[in-house]
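Just below is one structure, and these are the notes that go with it.
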Amino acid sequence: MAERSFKAEVEHLKLGAGQKFTGEGILAITKALLESGVGYVGGYQGAPISHLMDVLADAQDLLSDLGIRFEANANEAAAAAMLSASVHYPIRGAVTFKGPVGVNVASDALANLSSSGVTGGALVIVGEDYGEGSSIMQERSHAFAMKSQFWLLDPRPNLPSIVKAVSDGFDLSEASNTPVMLTVRIRACHVTGTFTCRDNRRPELTVEEGVAAPRSDFSRVVLPPASYRHEQDKIERRWPAAERFIRERHLNEIFGPATAPVGIVMQGGMYNGTIRALQQLGLADIHGDSEIPLYVLNVTYPLVADEFADFCAGKTSILVIEEGQPEFIETQLGSFLYRATSEVRLHGKDVFPMAGEYTGAVMRDGIAAFLKDAAPQILPDTVRAPNTEALEIPDLSETVPIRPPGFCTGCPERPIFAAMKLVEKELGKHQIAGDIGCHLFAALPPFEIGGATMGYGLGPAANGAFDGGGDKRPIAIIGDGGFWHNGLSSSFGNMAFNKSDGLAIVVDNFYAAATGGQDVMSSRAASKTKSTRNPIGRALRGIGIDWVRQIDRTYDVGKMRDTIREALTTAEKGPKVIVASSECMLNRQRREKPLRNAAIREGRRVDVPRFGVDESVCTGDHACMRLSGCPSLSLKKLDDPLRDDPVASIDQSCVGCGNCGEVADAAILCPSFYRADVIHNPGPVEQRLARFRGRITSYLSARRAKRRLDLGVSP
Amino acid sequence: MNAPIRPMRSDDAAGGIIKLAILAVGGQGGGVLTNWIEALARANGHEAQATSVAGVAQRTGATVYYVEMAPAGEKETVFSLMPAAGDVDIMITAELMEAGRAIMRGFVTPDRTTLITSTHRALAVSEKMVPGDGIASSEEVLAAAEIAARRVIHADFDALAIASGSVISATLFGALAGSGALPFRREAFEDAIRAGGKGVEPSLRAFAVGLDAARSGTDATPPETLDAPYRVSGPEKLLAEWAHLQDRLGVSPAPARDIADAGLRKVVDFQDIAYGREYLDRLDVIAAQDSGDGNLTREAAKYIANAMAYDDLIRVADAKTRAGRTARIAQDMRLTGGQLMQVTEFMHPRAEEIVSILPARMGARWQQNPSRMKLIDRLFNRGRRIRSDGIIGFSMLYLLGGMKGWRRRTLRHAQEMAHIDAWLARVQSAPEPVAIELLRNQRLIKGYSDTHARGQSKFARVMEGARLVEHREDAADWIRRLREAALQDEEGKALDGALQTVKSFA
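Residue numbers (my numbering), protein chains in the order written: chain A, 11 to 725; chain B, 4 to 509.
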């Protein structure tokens with residue numbers, strides 16, 4: 011792990027029965043797993059569940075004390091496949107990844123797992139990355155539950171409910187021999203709160219004990235004719251068992267008055283937003299006591315027809331609050347009503363938008379629209395006939411600039427894309443496919459490089475159609491995370507096998523950096539529990555790719571540019587790969603800063619570089635900005651009536667990576683940049699030399715100054 | 004687009020909940036601030052819930068943190084996980100454009116929102132890339148804030164934090180305490196910082212500064228050290244000659260005098276007294292055409308000075324070896340006693356630059372000779388890292404910077420003077436409004452090497468475009484539009500479009 015410690019979080023995991031846990035949702039889930047007697051855990055990091063993986067990775071001692079196996083799986087498919095242990099063995103297992111990309115990758119294993127069915131509880135925790143701040147395509151994991159027949163939990167977003175969902179999930183899984191997916195939305199992962207702990211539990215059967223006494227049963231293997239029987243079993247036995255369990259254990263919740271003309275059905279995750287909207291409409295108090303009956307689906311799949319029918323009894327209209335599209339739940343509930351020849355009117359996507367996040371305003375307007383139609387008498391007058399005017403506030407849409415994510419200060423990827431931009435100026439635009447990871451920010455200004463992303467590890471594969479080449483070669487970019495996730499086989503195996511003539515650039519920053527700096531196989535630090543330090547170049551040669559150039563300092567923009575140019579113009583046929591390696595600056599700073607500060611304190615010599623710009627030499631053309639975009643390289647308006655345009659300026663946050671100077675040099679930009687190295691604790695010889703130099707240079711400067719007019723002009 | 008905002012209604016049952024949102028840019032410590040607020044509420048008899056959408060926060064994007072709190076009672080409170088338009092009591096924005104974004108999203112409303120914002124700017128990439136001045140208007144956002152918010156507390160909380168050796172989260176926490184928008188005493192806030200346990204002392208210092216800034220209600224930006232009014236100094240003989248030049252300035256129209264003074268200082272500093280005289284001669288010619296309000300003279304004073312003080316190797320070398328530069332850099336780098344500083348310059352001379360300091364005729368001849376240029380490139384064209392604190396590096400730059408006597412003979416000087424003559428001839432033959440715009444076109448020429456060449460080409464194209472419209476009544480307006488288009492992007496795509504438009508009717 012990238013030298014970042016989760017010790018404080020691990021302490022939380024040790025709390026015992028009756029003690030109060032206070033913290034984030036995702037950590038509460040981690041604690042709940044231990045309380046549920048889980049036997050093995052695994053997964054693949056990604057927002058918003060990275061924290062779960064990071065904490066588990068740091069909790070190895072605690073986990074082994076409890077007899078729990080933790081795997082940082084190679085990818086989501088590997089994680090889901092690991093749940094296979096719960097097929098024959100009565101061992102509870104949990105894996106986590108983000109949805110839906112993770113679910114997409116895992117779908118093969120999830121489908122097989124669902125077909126086989128499980129003996130021990132199998133829980134898939136999915137961080138549903140949907141809405142504001144999401145970094146992926148906007149889709150629902152719900153469809154996967156429907157197609158593979160596993161159960162889907164979507165608990166109310168507070169810590170006690172989420173924790174309860176974990177233990178209910180295992181019970182449900184075992185009661186119905188079916189894997190269960192627990193989705194938590196991005197805000198629920200980060201929501202803070204409190205719950206009362208139970209003791210951590212050792213698994214009844216550990217994986218060590220399991221593997222020592224192997225089991226097998228042909229009827230659980232997905233092969234005909236067993237697979238036909240699996241399908242029948244799902245429908246005839248597992249599904250009814252799940253419905254029974256959901257009803258008996260009251261996994262879904264009903265709030266509000268027993269009788270009312272209308273009711274609201276919602277996904278558990280929508281509960282707090284619904285209550286807020288009802289509070290605003292004067293129909294609920296701050297404790298959530300609602301004047302409208304609420305049917306909260308903590309289990310969104312399967313839906314229980316008779317429970318729903320009971321809720322509908324005596325009501326004329328029902329509103330379904332279901333975020334995302336298509337409206338699977340609403341369609342199913344409508345079908346229930348139709349089959350029961352019910353008179354109840356069903357609303358949902360008619361008053362709510364089909365697509366997009368259900369924000370506060372959307373909730374309030376949607377529920378108000380439903381009630382205006384279905385039960386206007388219960389709405390306060392101000393809602394039925396608002397007489398307040400909307401306020402006129404100046405339109406700032408032309409003023410406020412958008413702030414898309416970009417590379418961090420000192421990021422080693424910036425010089426790679428600066429070099430690509432320079433090559434582009436020489437050789438023209440190329441077909442470029444990107445992957446998933448930080449490098450995708452290069453698609454945004456100022457680089458505007460890359461035109462597609464097809465999935466994690468699939469960058470070079472996405473150029474397959476162009477692999478034959480033409481007048482120009484296709485370029486693909488992939489990170490080291492993507493390389494080990496899936497890229498080696500799907501992308502590079504593909505390139506090698508098909509004799510691709512394209513170029514792939516592996517952005518190797520020593521970590522799965524975009525997800526928080528987790529170790530990968532080529533990470534440089536030694537790890538106690540993982541095999542690291544496996545060079546990417548060696549893996550490539552192993553699959554028959556010989557044109558591999560290793561660059562160990564990406565900040566060398568000139569070399570970077572020359573190597574890319576060579577790859578695009580060489581007469582040599584076959585796949586070309588450039589492995590561009592420099593450590594993720596965020597992680598490097600996190601590791602080196604404390605060491606550096608300690609060294610300075612202890613009186614050792616330390617050289618701290620930082621860049622600067624000579625204001626008087628900078629002409630304000632901003633060419634450097636268009637090849638950088640570094641947050642620490644900004645603009646400054648000079649107090650000089652003769653200057654129109656702001657000049658470049660580098661602030662305190664500069665880490666001295668060198669990109670500015672290298673770019674100024676490689677692109678022949680301008681001589682304004684300088685690097686200042688501050689030497690802490692210099693040695694005596696060095697000090698004497700510096701004094702000598704200083705005397706000579708200041709003598710010369712002073713000599714010239716004396717002979718000219720000092721006009722107060724900034725030099 | 005601004006979200007439609009409806010004020011909260013009186014029947015809102017959620018009135019007992021305090022809703023606080025924070026909009027920060029990655030790396031500003033929004034998470035720390037959120038933790039403090041949450042701990043503060045919990046330690047003072049409130050239930051609290053916080054959440055965030057962190058996703059890509061670390062990577063310079065904007066992040067929303069959201070906290071709700073209510074007095075703790077028998078029953079637990081149901082809090083929302085996201086701020087709703089028109090329903091935020093306290094909005095804290097850690098950068099000014101984020102305040103603008105909060106207003107656009109409807110999180111700032113006149114009936115309830117206390118807006119606490121830092122006025123400093125973290126420029127977006129789109130603002131920095133523009134070859135001209137692409138910086139968004141802070142005034143517009145502050146003006147909108149005054150309308151949109153119930154109350155605005157604004158100061159440069161970033162500068163205040165840096166001055167106290169801390170980060171902006173601490174000064175903003177102080178401003179939150181100072182605003183009185185939360186029902187907790189100052190000591191409770193400070194306890195929350197202490198309970199956090201990291202960097203307590205600097206945080207408390209910055210907290211106090213932020214609190215005072217919020218209470219005093221003025222824009223308490225730390226005073227910048229203003230430069231003392233300059234006093235010219237130097238050898239007696241030069242001072243006497245300078246006084247003569249100054250006398251000539253006295254006759255300039257008042258609105259132009261300050262600029263002409265700055266321009267004169269710039270060109271004399273660039274070259275010598277005689278060059279200053281030439282500057283004033285050129286200025287006089289244009290000033291003679293001034294209709295009387297001094298506008299033409301002022302623009303001429305500015306742009307002739309800029310054109311005459313062109314950016315050549317000699318100027319750059321001089322700037323890098325001036326007395327006081329080392330001290331200035333040392334201050335920027337916060338050098339303290341016992342530390343040393345080494346300074347490395349990044350230079351990359353090409354054949355063009357080498358030839359440009361040769362005698363004009365010889366240089367022009369060489370420039371026409373590709374094989375000779377290639378040879379010079381082979382000898383000189385590579386990145387040079389020059390240690391300007393070292394004796395060899397400094398001496399090289401010092402010698403180059405001392406070549407002012409040679410400058411007038413160089414090819415570059417001849418080229419620049421030819422450019423100025425041609426440009427001013429156009430200016431002279433144009434009516435005043437057009438002349439002013441033609442003068443301003445000099446702004447397009449900047450940068451070094453390729454960038455400089457691109458600037459010159461843009462200048463040439465705008466001047467060419469100007470010729471097409473010069474006869475029209477709205478010529479000045481069209482020339483201004485052409486220039487602004489040229490400043491929009493590097494390649495001049497916007498300029499191409501504008502020129503197309505001009506050609507379509509000219």
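All residues carry an ideal CB built from backbone N, CA and C; glycine is no exception. These numbers come from a predicted model, not from an experiment.
Contacts that residue 198 of chain A makes with chain B (C-beta to C-beta distance below 9 Å)
Taking the first residue of the first sequence as position 1, residue 198 of chain A is located at position 188. Chain-ordered, the chain B residues with CB closer than 9 Å to the CB of residue 198 of chain A read 54 and 84.
Quick one: grab the DSSP three-state call for residue 184 of chain B.
As a first step, residue 184 of chain B must be located in the second sequence, where it is residue number 181. Here residue 184 of chain B sits in coil by DSSP.
Using only the alpha-carbon positions, how far apart do residue 621 of chain A and residue 390 of chain B sit?
The residue you call residue 621 of chain A lines up with position 611 of the first sequence. The residue you call residue 390 of chain B lines up with position 387 of the second sequence. Just so you know, the alpha carbons of residue 621 of chain A and residue 390 of chain B end up roughly 14 Å apart.
So, are the CB atoms of residue 363 of chain A and residue 636 of chain A less than 7 Å apart?
As a working note, residue 363 of chain A is residue 353 in the first sequence. As a working note, residue 636 of chain A is residue 626 in the first sequence. 7 Å or more divides the Cβ of residue 363 of chain A from the Cβ of residue 636 of chain A.
Flag residue 241 of chain A as yes if its beta-carbon sits less than 7 Å from any beta-carbon of chain B, otherwise no.
Residue 241 of chain A sits at position 231 when you count from the first residue of the first sequence. Taking Cβ atoms only, chain B never reaches closer than 7 Å to residue 241 of chain A, which makes this a no.
So, does the CB of residue 499 of chain B fall closer than 7 Å to a CB anywhere in chain A?
As a working note, residue 499 of chain B is residue 496 in the second sequence. Cβ-Cβ to chain A under 7 Å: no for residue 499 of chain B.
Give me the chain B residues within the contact set of residue 622 of chain A, using Cβ-Cβ distance strictly less than 9 Å, ordered along the chain.
Position 612 of the first sequence, counting from 1, holds the residue named residue 622 of chain A. 332, 335, 336 and 346, listed in chain order.
Any beta carbon of chain A sitting closer than 7 Å to that of residue 342 of chain B?
One-based indexing of the second sequence puts residue 342 of chain B at position 339. Taking 7 Å as the CB threshold, residue 342 of chain B lines the interface with chain A.
Could one say the Cβ of residue 726 of chain A lies closer than 7 Å to chain B's Cβ atoms, at least one of them?
This structure leaves residue 726 of chain A out entirely; chain A is present only between 11 and 725.
Measure the alpha-carbon distance for residue 28 of chain A versus residue 52 of chain A and round it to whole angstroms.
If you number the first sequence from 1, residue 28 of chain A lands on position 18. If you number the first sequence from 1, residue 52 of chain A lands on position 42. Cα to Cα, residue 28 of chain A sits roughly 28 Å from residue 52 of chain A.
Leaving out five residues before and five after residue 131 of chain B in sequence, what residues of the same chain have Cβ atoms less than 8 Å from its Cβ?
Numbered from 1 along the second sequence, position 128 holds the residue referred to as residue 131 of chain B. A distance below 8 Å between beta-carbons, with the five flanking residues on each side excluded, links residue 131 of chain B to the following residues of its chain, in chain order: 137.
With 7 Å set as the bound, which would you pick, yes or no: does the beta-carbon of residue 683 of chain A sit closer than that to a beta-carbon of chain B?
Here residue 683 of chain A corresponds to residue number 673 of the first sequence, with the count starting at 1. Yes - at least one Cβ of chain B is within 7 Å of the one on residue 683 of chain A.
Kindly indicate which residue of A:507, A:696 and A:531 has the alpha-carbon position closest to the one of residue 495 of chain A.
Position 485 of the first sequence, counted from the first residue, corresponds to residue 495 of chain A. Closest in C-alpha terms to residue 495 of chain A, from the list A:507, A:696 and A:531, comes A:531.
Go through its chain and collect everything with a Cβ distance to residue 111 of chain B's Cβ below 6 Å, but skip five positions before and after it.
Indexing the second sequence from 1 puts residue 111 of chain B at position 108. Sequence-distant partners of residue 111 of chain B (beyond 5 residues in either direction) whose C-beta falls short of 6 Å from its own C-beta, in its chain, are 94, 105, 118, 151 and 152.
Kindly give me the distance between the Cβ atoms of residue 730 of chain A and residue 486 of chain A, rounded to whole angstroms, as I take these residues to be in contact under 8 Å.
Since the first residue of chain A shown is 11 and the last is 725, residue 730 of chain A is not available in this structure.
Taking Cβ-Cβ distances shorter than 8 Å, what residues in chain B pair up with residue 730 of chain A?
Coverage of chain A is limited to positions 11 through 725, which leaves residue 730 of chain A absent and any answer about it impossible.
Amino acids of chain A, ordered along the chain, whose beta-carbon sits closer than 7 Å to that of residue 269 of chain B:
Your numbering for residue 269 of chain B matches position 266 in the second sequence. Within chain A, the residues near residue 269 of chain B are 652 and 723.
Taking residue 453 of chain B as the reference, which of A:77, A:675 and A:100 has the closest Cα?
For this step, residue 453 of chain B is matched to residue 450 along the second sequence. Among A:77, A:675 and A:100, the Cα nearest to that of residue 453 of chain B belongs to A:675.
Given a limit of 7 Å on CB to CB distance, which residues of the region 273-307 of chain B reach chain A?
Listed by position, the residues of the region 273-307 of chain B near chain A (Cβ gap below 7 Å) are 305.
Ends of the beta strand (DSSP E) at residue 154 of chain B?
As a first step, residue 154 of chain B is located in the second sequence; it is residue number 151 there, counting from the start. For residue 154 of chain B, the enclosing beta strand (DSSP E) covers residues 154-158.
Whole-angstrom Cβ separation of residue 278 of chain A and residue 414 of chain A, contact assumed at under 8 Å?
On the first sequence, position 268 is the one that residue 278 of chain A refers to. On the first sequence, position 404 is the one that residue 414 of chain A refers to. Residue 278 of chain A to residue 414 of chain A, Cβ: 32 Å. No contact.
Verify whether the separation of the beta carbon atoms of residue 128 of chain A and residue 42 of chain A is less than 7 Å.
To locate residue 128 of chain A, count along the first sequence from 1; it is residue 118. To locate residue 42 of chain A, count along the first sequence from 1; it is residue 32. No, the pair does not count as a contact, with Cβ atoms beyond the cut-off.
How many angstroms separate the CA atom of residue 587 of chain A from the CA atom of residue 436 of chain A?
Residue numbering aside, residue 587 of chain A sits at position 577 when the first sequence is read from its first letter. Residue numbering aside, residue 436 of chain A sits at position 426 when the first sequence is read from its first letter. If you take the alpha carbons of residue 587 of chain A and residue 436 of chain A, they lie about 20 Å apart.
Comparing the C-beta of residue 126 of chain B with each C-beta of chain E, is any distance below 7 Å?
The chain inventory of the structure shown lacks chain E, comprising the protein chains A and B.
Who are the near neighbours of residue 198 of chain A in its chain, counting only those whose CB is closer than 6 Å to its CB and skipping five residues on each side?
In the first sequence, the residue the question calls residue 198 of chain A occupies position 188. 35 and 167.
So what's residue 80 of chain B in DSSP terms, helix, strand or just coil?
Here the question's residue 80 of chain B lines up with position 77 in the second sequence. Coil, per DSSP.
Going along the region 492-521 of chain A in order, which residues come within less than 8 Å of chain B, judged by CB to CB distance?
Correct list: empty, as no residue qualifies.
Closest residue to residue 486 of chain B among B:291, B:331 and B:461 (Cα-Cα distance)
Start at 1 with the first residue of the second sequence, and residue 486 of chain B comes out as number 483. Ranked by how close their Cα comes to the Cα of residue 486 of chain B, the residues B:291, B:331 and B:461 have B:461 in first place.
Does the region 596-613 of chain A come within contact of the region 640-650 of chain A, defined as at least 3 CB pairs closer than 8 Å?
No: the two stretches stay apart, fewer than three of their Cβ pairs being nearer than 8 Å.
Rounding to the nearest angstrom, what Cα-Cα distance links residue 234 of chain A and residue 298 of chain A in this structure?
Position 224 of the first sequence, counting from 1, holds the residue named residue 234 of chain A. Position 288 of the first sequence, counting from 1, holds the residue named residue 298 of chain A. For residue 234 of chain A and residue 298 of chain A, the distance between alpha carbons rounds to 52 Å.
Alpha-carbon spacing of residue 218 of chain A relative to residue 74 of chain A, whole angstroms:
Numbered from 1 along the first sequence, position 208 holds the residue referred to as residue 218 of chain A. Numbered from 1 along the first sequence, position 64 holds the residue referred to as residue 74 of chain A. Cα atoms of residue 218 of chain A and residue 74 of chain A: separation of roughly 11 Å, rounded to the nearest angstrom.
Could you name the residues of chain A that residue 134 of chain B contacts, counting a contact when the two beta carbons are closer than 7 Å?
Sequence index remark: in the second sequence, residue 134 of chain B carries index 131 (1-based). Residues of chain A passing the Cβ test: 631 and 632.
Span of the beta strand (DSSP E), counted from its first residue to its last, around residue 552 of chain A:
In the first sequence, residue 552 of chain A corresponds to position 542, counting from 1. Where residue 552 of chain A is concerned, there is no enclosing beta strand (DSSP E), although the alpha helix (DSSP H) it sits in stretches over 546-552.
Anyone know if the C-beta pair for residue 508 of chain A and residue 477 of chain A falls short of 7 Å?
Position 498 of the first sequence, counted from the start, is the residue given in the question as residue 508 of chain A. Position 467 of the first sequence, counted from the start, is the residue given in the question as residue 477 of chain A. Cβ distance < 7 Å, so residue 508 of chain A and residue 477 of chain A count as in contact.
Of the residues A:409, A:286 and A:381, which one's Cα is nearest the Cα of residue 370 of chain A?
Walking along the first sequence from the start, residue 370 of chain A turns up at place 360. Nearest C-alpha to residue 370 of chain A: A:286.
Just to confirm my understanding: we take residue 309 of chain B, look at its own chain, exclude 5 residues before and 5 after, and list those with CB closer than 7 Å. What are they?
Along the second sequence, read from residue 1 onward, the residue named residue 309 of chain B stands at position 306. Taken in chain order, the residues that qualify are 445.
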